[in-house]
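The structure appears below as structure tokens.
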Amino acid sequence: MNPVVSTYIVQGIYGITYGMILFLIASGLNIIFGMMGILNMAHAAFLMLAGYFCYQVVQITGNFWMGLIFAPILVAVLGVLMEQLFLRRVLGSHVGELILTMGIANVIVAGIKKIWGTESLPLQMPDLLSGMVSIAGMGYPVYRLFVIGLALAVMLFMMLLLYRTRLGKVVRAAVSDREMVNALGININLVSMLVFGVGTWMAGLAGVVIAPILTVFPGLADQVGMDAFIVVVTGGFGSLQGAFIVSIIFGLLSSYGVQFVSQFAPVLIVVFMAIVLVFRPNGLFGAKER
Amino acid sequence: MMNKTTRIILWMIGILVLVLIPKLFGVYYTNMVVTFAILSVFALSLNMLLGYTGLLSFGHAMFFGFGGYGTALALKHIGGLGLLPAIGIGVLSAVVLALILCPLVVRVSGTAFAMLHLAFGQLMYVLALKMYRVTGGEDGIANFPVPGILTESLKNSPENFYYMAMIILCLCAWMMWFFTKTPFGQIQVGMRDNANRIDYLGYKVPQSKAVIYTLSAMFAGVAGSIYGLFLNLVSADGSLGIVMSFVPIVSVMIGGVGSFFGPILGVAVFKMVDELILRYTESTELVMGIILIVVMMFMPMGFMGLINLLKKRIKAWFVARAEMEKVS
């Protein structure tokens with residue numbers, strides 16, 4: 000095949016991979032915001048923590064798959080604990096909750112620096128995923144394809160959960176009117192806890208799959224977290240399809256942007272966000288202010 | 000409670016202390032007070048939006064940064080420019096930016112307002128990083144001349160700089176305080192609590208918002224301009240980045256949202272953590288995080304709320320004791 004075309008395709012795959020990872024993070028952030036109105040600034044810190052947990056698990060067991068399974072669950076448990084012990088008890092406004100999650104993020108980063116140091120730690124991807132696979136005469140990195148597949152599977156699972164089960168119905172109802180659902184005799188606190196757990200679990204999953212690509216270091220949260228936050232804002236709070244579309248656009252914008260206008264790739268993303276927000280202040284698919 | 004004479008005496012004492020600081024303490028503490036004053040004015044300007052008008056902005060640093068960049072660029076490229084015109088140019092650039100953004104942002108409030116500011120703040124930050132011919136990119140603009148008003152140059156005389164900065168900053172703080180007392184300043188609280196009501200009362204909500212917004216940007220610009228002069232450096236990370244946007248938000252929240260002096264108290268806590276904790280432990284992050292968590296969990300109105308509560312308790316205690324004496 001034409002080498003130029005193949006470069007484009009490979010770049011596209013890189014972009015979509017990053018987009019999918021962004022989607023994993025952003026959708027977790029999104030359902031938490033939709034459900035509780037909390038802008039969780041600690042979300043990216045949990046992601047980073049999952050990366051470190053995975054590193055530790057790999058150090059002990061030598062098996063990436065164990066890390067992939069256990070690190071996100073551990074992080075989800077921590078997330079639920081945070082929700083139960085701290086967020087539930089904040090008396091003030093939503094801004095207060097935001098500052099509280101910032102405090103928690105600070106503590107997590109400080110803990111990480113204390114335990115693992117400040118160097119960036121490499122994480123080997125498993126042998127099964129480290130090669131290239133050739134499709135139609137072109138080589139694709141297997142790991143990226145695996146990440147795309149995994150994110151798609153998680154997305155499918157989320158969609159089924161949200162739109163095909165009773166629990167999903169309750170969650171969607173709670174997003175639109177929390178008090179009413181509570182009044183109908185559904186334990187809204189339990190549902191919130193569950194949603195928080197699932198959201199953090201998704202962040203953890205993203206943290207684990209991004210670790211072999213970017214390595215784990217204490218600045219990871221800032222780097223990925225800001226992008227994910229921008230995705231949620233641009234896609235619209237409380238909208239999964241918005242988050243999906245915008246994360247793919249962002250992934251492609253950043254990878255093709257680096258290829259064509261390398262200097263101004265970050266500018267492209269921000270300009271896109273500014274333009275969208277000027278015309279639709281609540282994001283592309285965002286609902287009207289409640 | 001406080002009569003006029005005591006108030007005047009207190010003011011005199013306060014001014015005397017401020018005047019004497021550089022004489023009594025060394026350069027180190029003088030500079031600390033200057034940073035404290037700059038961040039206080041910055042936080043106060045944000046409190047005009049967040050505390051009084053109820054608008055959360057994630058991009059207030061862009062006005063701070065514009066003030067700094069405007070002053071620095073003016074001093075660098077226009078030879079023989081005086082200090083006050085340079086500060087004026089910085090403030091003017093912040094005001095112009097606010098006027099450009101006004102038509103876009105006054106229509107919205109709540110989350111959308113915050114997010115729009117996040118977008119523009121990031122845009123300005125990324126542009127400042129990438130347009131390195133103008134802004135110097137990541138290095139920023141450093142070593143521009145700092146002319147004095149009466150003296151030769153303020154570059155190597157922290158004492159003179161202190162007086163210049165404190166006069167301007169205290170004037171700004173006083174103006175903001177005065178503004179909250181004017182009838183127009185009272186409207187902002189009304190808009191925070193019930194914008195529709197203010198509309199029905201015959202005030203123009205978007206226009207009033209725009210005026211408050213521009214004023215807030217102006218004071219942030221003053222703070223940023225003096226910060227740039229103080230460090231003799233403006234950089235994208237130091238004065239435009241998202242971190243700089245969160246500094247005043249956090250100060251306002253831990254100091255006490257909605258009270259005028261809360262943000263100053265918040266900045267004081269901030270500085271104290273920086274100064275004191277760094278002597279004992281490396282991880283300021285941990286301490287700051289714990290402070291944020293504790294304040295938000297137990298003191299929703301911040302340290303100012305705590306002080307008010309203590310005041311009330313003490314007063315109640317005195318009243319109770321007086322009652323007891325009356326009974327016995």
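Just so you know, the protein sequences line up as chains G and X, in that order. Take 0 as the starting number for the first sequence in numbering that gives the first Met the number 0 and just add one per residue. Take 0 as the starting number for the second sequence in numbering that gives the first Met the number 0 and just add one per residue. Idealized CB from N, CA, C, for every residue including glycine.
Cutoff 8 Å: G:ILE15 Cβ touching any chain X Cβ: For the purposes of this step, residue 15 of chain G is taken as residue 16 along the first sequence, with counting starting at 1. Output row for G:ILE15: interface = no.
X:HIS76 classed as buried or exposed, judged by whether at least 16 other C-beta atoms fall within 10 angstroms: On the second sequence, position 77 is the one that residue 76 of chain X refers to. Exposed, because fewer than 16 other Cβ atoms sit within 10 Å of the Cβ of X:HIS76.
Contact set for X:ALA127: own chain, Cβ-Cβ below 6 Å, skip 5 residues either direction: For this step, residue 127 of chain X is matched to residue 128 along the second sequence. The beta carbon of X:ALA127 is closer than 6 Å to those of THR134, ALA235, LEU239 in its chain, skipping five residues each way along the sequence.
Using a Cβ-Cβ cutoff of less than 6 Å, which residues in the same chain neighbour X:LEU82 once the five nearest sequence positions on both sides are dropped? Position 83 of the second sequence holds residue 82 of chain X. If we look at X:LEU82 and ignore the five residues flanking it on each side, its Cβ neighbours are PRO146, ILE148.
Within chain X, partners of G:ALA109 - CB distance below 7 Å: Sequence index remark: in the first sequence, residue 109 of chain G carries index 110 (1-based). Taking the beta carbon of G:ALA109 as reference, the chain X residues within 7 Å of it are SER282, GLU284, LEU285, GLY288, listed in sequence order.
Is there a C-beta anywhere in chain X that falls below 8 Å from the one on G:VAL270? Numbered from its first residue, the first sequence carries residue 270 of chain G at position 271. A Cβ of chain X is located within less than 8 Å of the beta carbon of G:VAL270.
CB G:ALA220 to CB G:MET47, shorter than 8 Å? What you label residue 220 of chain G is simply residue 221 of the first sequence in a count that begins at 1. What you label residue 47 of chain G is simply residue 48 of the first sequence in a count that begins at 1. Yes, these two residues count as a Cβ contact at 8 Å.
Taking any Cβ of chain G, which residues in the region 297-322 of chain X have a Cβ under 8 Å from it, in chain order? Residues PRO299, MET300.
Spatial distance of G:ARG87 from G:GLY110 (CA atoms): Translated into positions along the first sequence, residue 87 of chain G becomes position 88. Translated into positions along the first sequence, residue 110 of chain G becomes position 111. For G:ARG87 and G:GLY110, the distance between alpha carbons rounds to 23 Å.
Nearest to X:PHE35 by CA position, among X:MET296, X:ILE225, X:SER215, is which residue? Indexing the second sequence from 1 puts residue 35 of chain X at position 36. Comparing Cα positions, the closest option is X:ILE225.
From X:GLY189 to X:LEU54, what does the alpha carbon distance come to, in whole angstroms? If you number the second sequence from 1, residue 189 of chain X lands on position 190. If you number the second sequence from 1, residue 54 of chain X lands on position 55. In this model, X:GLY189 and X:LEU54 are separated by some 13 Å (Cα to Cα).
Please state the DSSP three-state secondary structure of G:SER92. Start at 1 with the first residue of the first sequence, and residue 92 of chain G comes out as number 93. In the three-state reduction of the DSSP assignment, G:SER92 falls in the coil class, being assigned neither a helical nor a strand state.
Expected contact under 8 Å - CB spacing of X:VAL272 and X:MET287 to nearest Å: The residue you call residue 272 of chain X lines up with position 273 of the second sequence. The residue you call residue 287 of chain X lines up with position 288 of the second sequence. The distance from the Cβ of X:VAL272 to that of X:MET287 is about 6 Å, consistent with a contact at the 8 Å cut-off.
Mind checking whether X:ARG191 and X:THR52 have CB atoms under 8 Å apart? On the second sequence, residue 191 of chain X is found 192 positions in, with the first residue counted as 1. On the second sequence, residue 52 of chain X is found 53 positions in, with the first residue counted as 1. In this structure, X:ARG191 lies near X:THR52, with their beta-carbon atoms less than 8 Å apart.
Excluding the 5 residues preceding and the 5 following G:GLU288 in the sequence, name in chain order all residues of the same chain whose CB lies nearer than 7 Å to its CB. Start at 1 with the first residue of the first sequence, and residue 288 of chain G comes out as number 289. Only weak support exists for where G:GLU288 lies, its pLDDT of 49 falling under 50; the value from the coordinates is given anyway. Counting only Cβ-Cβ distances below 7 Å, and skipping sequence neighbours, we find ASN281.
Kindly indicate if chain G contains any beta-carbon less than 8 Å away from that of X:GLN187. Reading the second sequence from its first residue, position 188 is the one you call residue 187 of chain X. Contacts with chain G at 8 Å (Cβ-Cβ) do not include X:GLN187.
Say whether chain G places a C-beta atom closer than 8 Å to the C-beta of X:ALA118. For this step, residue 118 of chain X is matched to residue 119 along the second sequence. By this cut-off, X:ALA118 is an interface position.
Counting pairs of Cβ atoms below 8 Å between the region 83-94 of chain X and the region 238-254 of chain X, do you hit three or more? No, because fewer than three Cβ pairs between the region 83-94 of chain X and the region 238-254 of chain X fall closer than 8 Å, the two stretches do not touch.
C-beta contact flag for G:PHE52 and G:LEU23 at 8 Å: Taking the first sequence and counting its residues from 1, the one referred to as residue 52 of chain G is at position 53. Taking the first sequence and counting its residues from 1, the one referred to as residue 23 of chain G is at position 24. Contact: no.
Quick one: does X:LYS129 have its CB under 8 Å from some CB of chain G? Against the second sequence, residue 129 of chain X aligns to sequence position 130. Nearest CB-CB separation between X:LYS129 and chain G: below the 8 Å threshold.
Note down, in chain order, every chain G residue with its Cβ under 9 Å from the Cβ of X:VAL334. Chain X is shown from 0 up to 327; residue 334 of chain X falls before or after that span and cannot be answered.
Within the chosen definition, does the region 94-107 of chain G reach the region 197-204 of chain G through at least 3 CB pairs nearer than 8 Å? For the pair of segments examined, the region 94-107 of chain G was found not to touch the region 197-204 of chain G: the number of CB pairs separated by less than 8 Å stays below three.
On the three-state DSSP scale, how would you describe G:TYR139? By one-based count along the first sequence, residue 139 of chain G stands at place 140. G:TYR139 sits in a strand when the DSSP states are folded into three classes.
Can you give me the Cβ contacts of G:GLY256 inside the same chain, cut-off strictly under 6 Å, excluding the 5 residues immediately before and after it? Taking the first residue of the first sequence as position 1, residue 256 of chain G is located at position 257. ALA264, LEU267, listed in sequence order.
Reducing DSSP to helix, strand and coil, say where X:LEU152 ends up. Taking the first residue of the second sequence as position 1, residue 152 of chain X is located at position 153. The residue you asked about is not Leu; residue 152 of chain X is Ser in the sequence shown. It is a strand residue.
Tell me whether G:MET40 sits in a helix, a strand or coil according to DSSP, three-state version. By one-based count along the first sequence, residue 40 of chain G stands at place 41. Here G:MET40 sits in coil by DSSP.
Return the bridge partner residues of G:MET131 from the DSSP annotation. As a position in the first sequence, residue 131 of chain G is number 132, starting the count at 1. According to DSSP, which records beta bridges pairwise, G:MET131 is partnered with G:PRO140.
If you measure from the beta carbon of X:ILE225 to each beta carbon in chain G, is any gap under 8 Å? Indexing the second sequence from 1 puts residue 225 of chain X at position 226. Under the Cβ distance rule, X:ILE225 does not count among the residues neighbouring chain G, no pair being separated by less than 8 Å.
Which runs of the beta strand (DSSP E) fall wholly inside the region 253-308 of chain X and span at least 3 residues, in chain order? Within the region 253-308 of chain X, no complete beta strand (DSSP E) run reaches 3 residues.
Compile a chain-ordered list of the residues in the region 237-252 of chain X whose CB is closer than 8 Å to at least one CB of chain G. Residues are counted here when their Cβ sits less than 8 Å from a Cβ of chain G; for the region 237-252 of chain X these are ILE241, PHE245, ILE248, VAL249, MET252, given in chain order.
Considering only the alpha carbon of each residue, which of G:ALA150, G:LEU149, G:SER191, G:PHE156 lies closest to G:VAL169? As a working note, residue 169 of chain G is residue 170 in the first sequence. For G:VAL169, the closest C-alpha among the options G:ALA150, G:LEU149, G:SER191, G:PHE156 is that of G:SER191.
Contact between the region 311-325 of chain X and the region 275-284 of chain X (3+ Cβ pairs under 8 Å): The region 311-325 of chain X vs the region 275-284 of chain X: no contact.
Counting only beta-carbon separations shorter than 8 Å, does X:LEU275 have a partner in chain G? Mapped onto the second sequence, residue 275 of chain X falls at position 276. Not one chain G Cβ lies under 8 Å of X:LEU275.
Does X:LEU49 get closer than 8 Å to chain C when you measure Cβ to Cβ? The structure shown has no chain C; the protein chains it does contain are G and X.
Specify the secondary structure class of X:PRO146 as computed by DSSP and reduced to three states. As a position in the second sequence, residue 146 of chain X is number 147, starting the count at 1. DSSP places X:PRO146 within a strand segment (E or B) once states are collapsed to three.
Counting only C-beta atoms, is X:ASN263 closer than 8 Å to chain G at any point? Position 264 of the second sequence, counted from the start, is the residue given in the question as residue 263 of chain X. For clarity, residue 263 of chain X is Ile in the given sequence; the question names Asn instead. Residue contact with chain G for X:ILE263: absent (no Cβ-Cβ distance below 8 Å to any residue of chain G).
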